[in-house]
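Trainee: Take a look at this one; I'll ask things after.
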Amino acid sequence: MPGVLVECDPSIKSIIVKIDSADHAFIVEELDDQTLVIKENMLSILKQKLDDVLRETQNVPDESDMD
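Its first residue numbered 130, the sequence shown is counted upward by one per residue in our numbering.
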């Protein structure tokens, strides 16, 4: 199975690990706290899921916006 080397911040890696924990469909191997090997055929799906998670965390409304 071909894999793609992905380097990212530890915070992003932890989100990827959390996404993968549901069905273990993405990560081939965790090399260190900033490096993963991802299944090549699943990379685009993982990117979309990561974008969705990041968008959700950034769109939390502030209480000051609810006036």
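A virtual CB, placed ideally from N, CA and C, is assigned to each residue, including glycine.
Bear in mind that the values here come from a model prediction, so they are computed numbers and not experimental data.
#1: Considering only the alpha carbon of each residue, which of D181, N188 and I156 lies closest to V134?
#2: What is the residue span of the beta strand (DSSP E) that E159 lies within?
#3: Could you check how far apart the C-beta atoms of Q163 and P139 are, in whole angstroms? I think they sit under 8 Å.
#4: Could you spell out where the alpha helix (DSSP H) holding E185 opens and where it closes?
#5: From D181 to K142, what does the alpha carbon distance come to, in whole angstroms?
#6: Looking only at its own chain, which residues have a Cβ that is under 7 Å from the Cβ of K168, when we skip the five neighbours before and after it?
Mentor: A quick look at the data gives this:
#1: Numbered from its first residue, the sequence shown carries residue 134 at position 5. Per the sequence shown, the amino acid found at residue 134 is Leu instead of Val. Ranking the options by Cα distance to L134, first place goes to I156.
#2: As a first step, residue 159 is located in the sequence shown; it is residue number 30 there, counting from the start. Per DSSP, the continuous beta strand (DSSP E) segment holding E159 begins and ends at I156 to D161.
#3: Numbered from 1 along the sequence shown, position 34 holds the residue referred to as residue 163. Numbered from 1 along the sequence shown, position 10 holds the residue referred to as residue 139. That pair is a contact at about 6 Å.
#4: Stepping through the sequence shown from its first residue, residue 185 is reached at position 56. From DSSP, the alpha helix (DSSP H) with E185 extends over L172 to Q187.
#5: Translated into the one-based positions of the sequence shown, residue 181 becomes position 52. Translated into the one-based positions of the sequence shown, residue 142 becomes position 13. Their backbone Cα atoms lie some 15 Å apart in a straight line.
#6: Translated into positions along the sequence shown, residue 168 becomes position 39. Within the same chain, K168 has close Cβ partners M130, G132, F155 and V157.
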